[in-house]
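For reference, the structure discussed in these notes is given below.
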Amino acid sequence: MTTPSTSFYTDFIPVNRKKRKNKSRPAKEPLLAIIQRLRDELLSAQDNDWLPQCQQIITESFVDRPAPEQIICLGLGSPAASPNARAQLAFLIVISQYLHIDSERISLYDPVFTADDDALFRSLHMNVLSENKNALYALDQPTLCFMPHCDMELYDNIIKANWSRRRIPYLLLIANRLMDYIDSNPRHKLKLRAPFLLALAPALECRAFPVSTQWPTAFNNTAVQVFGRGELQIEGLPD
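Start counting the sequence shown at 11; every next residue gets the next number (the working numbering).
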């Protein structure tokens, strides 16, 4: 058996490859700067006066009612990870200023918040709630509950926690249109999983936000919902 010749590689000329220079990547935009930019974009009214329309809806919803004194934001998602959450947070900042609510009176909770999110909220002087109460927050003053795209059960819990004639008027919602849950779920399921939502939603005054062409998924199906101005005619509502 013939031994293979090693001269096979003698004509091979190695190619000297030039080392690629590390291209400098553009600096990542700080999260706070992104939120401030989105806020400025909202205020610039480039989206067919979408923001002024939303502000008008809020104003009309709160006529003849005590103005909200604080904001609780639940189910926002992670601004560090989600473009929708960033847009919703920018909107929340603009609306809080419109309603003259200081940032120190804004409290937020979502189990998906990261360390970067917490740092962002601190820089905005907002309060991050430490305990997951699954939206069971009893309100002692008029409160804007900003709950974009939450699960049905969370809406039910915030209603349950305020299920009395004294507290229900304090609940001012910017959230998914609650009647949509009633329209899209069988009654037996609602009685089991969301009985308080089932009882309250028909009694709410609901004003839907217009469609945002700039952030269509961040604000789709979003509405201001408050208790009607008439007598509290809800069966089983205690004093």
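The C-beta atom is built at its ideal place from N, Cα and C for all residues, glycine as well.
Around the C-beta of residue i, are 16 or more other C-beta atoms found within 10 angstroms, so that it is buried, or is it exposed?
| i | result |
| --- | --- |
| arginine 175 | exposed |
| serine 15 | Confidence at serine 15 is low in this model, with a pLDDT of 44, below 50, so its placement is unreliable and no value can be given for it. |
| asparagine 58 | exposed |
| threonine 12 | Its pLDDT being 45, under 50, threonine 12 is placed unreliably in this model, and the value from its coordinates should be taken loosely. Classification of threonine 12: exposed, given that the 10 Å Cβ count is below 16. |
| valine 234 | buried |
| asparagine 142 | exposed |
| glycine 85 | buried |
| threonine 227 | exposed |
| proline 62 | exposed |
| leucine 52 | buried |
| leucine 42 | exposed |
Measuring CA to CA, which of the options is closest to residue i?
| i | options | result |
| --- | --- | --- |
| proline 78 | Leu109, Phe219, Gly85 | Leu109 |
| alanine 125 | Ala145, Lys143, Tyr147, Ala91 | Ala91 |
| phenylalanine 156 | Arg49, Glu141, Ile68 | Ile68 |
| tryptophan 225 | Ala97, Leu200, Ser117 | Ala97 |
| aspartate 112 | Leu99, Ile192, Met136 | Met136 |
| aspartate 75 | Asp127, Val138, Lys201, Leu181 | It should be noted that the sequence gives arginine, not aspartate, for residue 75. Ranking the options by Cα distance to arginine 75, first place goes to Leu181. |
| valine 122 | Leu214, Leu139, Glu114, Leu52 | Leu139 |
| leucine 149 | Asp120, Pro179, Cys160 | Pro179 |
Please report how far the alpha carbon of residue i lies from the alpha carbon of residue j, in whole angstroms.
| i | j | result |
| --- | --- | --- |
| phenylalanine 206 | serine 88 | 28 Å |
| proline 40 | proline 248 | 49 Å |
| valine 236 | serine 133 | 31 Å |
| glycine 246 | alanine 209 | 9 Å |
| arginine 177 | isoleucine 81 | 15 Å |
| serine 194 | isoleucine 44 | 36 Å |
| serine 130 | leucine 118 | First, the residue type needs correcting, since residue 130 is leucine and not serine in the sequence shown. Each residue's Cα considered, the two are about 12 Å apart. |
| asparagine 230 | threonine 223 | 10 Å |
| leucine 183 | leucine 154 | 6 Å |
| cysteine 64 | arginine 203 | 31 Å |
| proline 158 | alanine 37 | 31 Å |
| arginine 49 | cysteine 83 | 17 Å |
| isoleucine 244 | aspartate 166 | 15 Å |
| aspartate 127 | alanine 211 | 32 Å |
| asparagine 144 | asparagine 94 | 21 Å |
| lysine 199 | tyrosine 147 | 24 Å |
| lysine 201 | glutamate 163 | 12 Å |
| proline 196 | threonine 232 | 22 Å |
| valine 73 | glutamine 66 | 11 Å |
| leucine 214 | serine 71 | 11 Å |
| tyrosine 191 | glutamate 114 | 33 Å |
| glutamine 151 | serine 54 | 32 Å |
| aspartate 120 | leucine 99 | 13 Å |
Are the region 92 to 111 and the region 162 to 173 touching by the rule of at least three beta carbon pairs closer than 8 Å? Not touching, per the Cβ criterion.
For the region 185 to 198 and the region 212 to 225, state whether three or more C-beta atom pairs, one from each stretch, are separated by less than 8 Å. The region 185 to 198, when compared against the region 212 to 225, does touch it at the 8 Å Cβ threshold.
Would you list, in sequence order, the uninterrupted beta strand (DSSP E) runs of no fewer than 3 residues that lie entirely inside the region 69 to 140? Runs of beta strand (DSSP E) with 3 or more residues, each lying fully within the region 69 to 140, are found at 80 to 84, 116 to 119, listed in chain order.
Every unbroken beta strand (DSSP E) inside the region 184 to 248 [3 residues or more]: Listed in chain order, they are 214 to 218, 232 to 237.
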